[in-house]
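When we follow this note's numbering, the leftmost residue of the sequence shown carries the number 1, and every step to the right adds one.
C-beta atoms are modelled at their ideal positions from N, C-alpha and C, and glycine is treated no differently.
Since the model is a prediction, treat every value here as computed from it, not as a measurement.
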Amino acid sequence: MDIHRYCEEHSSADDPALNQIYRSVMLSSANPQMASTPYQGLLLQMLAAISKPRIAVEVGSYAGYGAACIAKGLPEGGKLHIIEIDEEHEDSILRNAVAAGVDDKVVLHIGSALDIIPQLPDGIGLAFVDADKTNYSHYYDLLIGKMEIGGLLLFDNMLWHGRVEDELTDSRLRCNQSTRVIQELNSRITEDPRVQNILLPVRDGLMLCRAVSRGNNSGNQ
Numbered sequence: 001m002d003i004h005r006y007c008e009e010h011s012s013a014d015d016p017a018l019n020q021i022y023r024s025v026m027l028s029s030a031n032p033q034m035a036s037t038p039y040q041g042l043l044l045q046m047l048a049a050i051s052k053p054r055i056a057v058e059v060g061s062y063a064g065y066g067a068a069c070i071a072k073g074l075p076e077g078g079k080l081h082i083i084e085i086d087e088e089h090e091d092s093i094l095r096n097a098v099a100a101g102v103d104d105k106v107v108l109h110i111g112s113a114l115d116i117i118p119q120l121p122d123g124i125g126l127a128f129v130d131a132d133k134t135n136y137s138h139y140y141d142l143l144i145g146k147m148e149i150g151g152l153l154l155f156d157n158m159l160w161h162g163r164v165e166d167e168l169t170d171s172r173l174r175c176n177q178s179t180r181v182i183q184e185l186n187s188r189i190t191e192d193p194r195v196q197n198i199l200l201p202v203r204d205g206l207m208l209c210r211a212v213s214r215g216n217n218s219g220n221q
């Protein structure tokens, strides 16, 4: 039995506008695998609807499908700050926000997240990171200090196609930099008293953290 397909078949259908955006991304994008899937998009939308963040952040948007899903779940007055380093995706992100009817909820920043995150307001209630893996630890450090208590911080690709486990247990394999960064961040998060976390086997691994304190974490710096 294909358990993942069974889960998809027994989950709510995608919003028609979001479904059309996803189909467009799959047909027109050079690297469609970089986009969130509808299953993951539904989870992001539901987390936004449940947590009702006043301020949300997405680091790494690609064509904007995941951003549209998050923005769909935001409460009235909520804003999603989208950070995308590649300016060639600007038009598709904004176009898809309009198509989803959430263009009034998004603020697009084109540039390096390392420079932009420090400029964002504090009190972030939801943040989703799906960007360059080598900077994941830096994004965690920058975002965790800006999260409101109870805020949700998510990192995608935290199973890294199984390499986090395979390269940890097989001494014959040499970890590449991205694998090492993800392995180390998984351990850091699990040991960080500022968060409660759960690593979900959704798509390529989704690390979900809930901010529980703003205390210093000097032992993991």
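With 16 as the cutoff for other CB atoms within 10 Å, does residue i come out buried or exposed?
i    : result
D91  : exposed
D258 : The structure shown does not extend to residue 258, since the chain is modelled only from 1 to 221, so the question has no answer here.
A71  : buried
C7   : exposed
S61  : buried
I182 : buried
A49  : exposed
V202 : buried
A63  : buried
L143 : buried
H89  : buried
Just the C-alpha distance for residue i and residue j, rounded to the nearest angstrom, thanks.
i    : j    : result
R214 : L152 : 14 Å
E148 : L159 : 26 Å
I47  : Q177 : Reading off the sequence, residue 47 comes out as Leu, not Ile. For L47 and Q177, the distance between alpha carbons rounds to 31 Å.
A97  : V106 : 8 Å
L185 : G162 : 15 Å
G78  : G123 : 12 Å
Span of the alpha helix (DSSP H) holding residue i?
i    : result
G66  : Y65 to G73
I110 : I110 -> not in any alpha helix (DSSP H); beta strand (DSSP E) instead, spanning V106 to I110.
N135 : Where N135 is concerned, there is no enclosing alpha helix (DSSP H), given that its DSSP letter is neither H nor E.
L94  : E90 to A99
I116 : A113 to I116
Tell me whether residue i sits in a helix, a strand or coil according to DSSP, three-state version.
i    : result
R210 : strand
N197 : strand
E224 : Residue 224 cannot be examined here, being either before or after the span of the chain that is shown, 1 to 221.
G123 : coil
L154 : strand
V181 : helix
I85  : coil
V129 : strand
Checking contacts by CB at 7 Å: is residue i closer than that to chain B?
i   : result
L27 : The chain inventory of the structure shown lacks chain B, comprising one protein chain alone.
Whole runs of the beta strand (DSSP E) within the segment 27 to 60, excluding any shorter than 3 residues: 55 to 59
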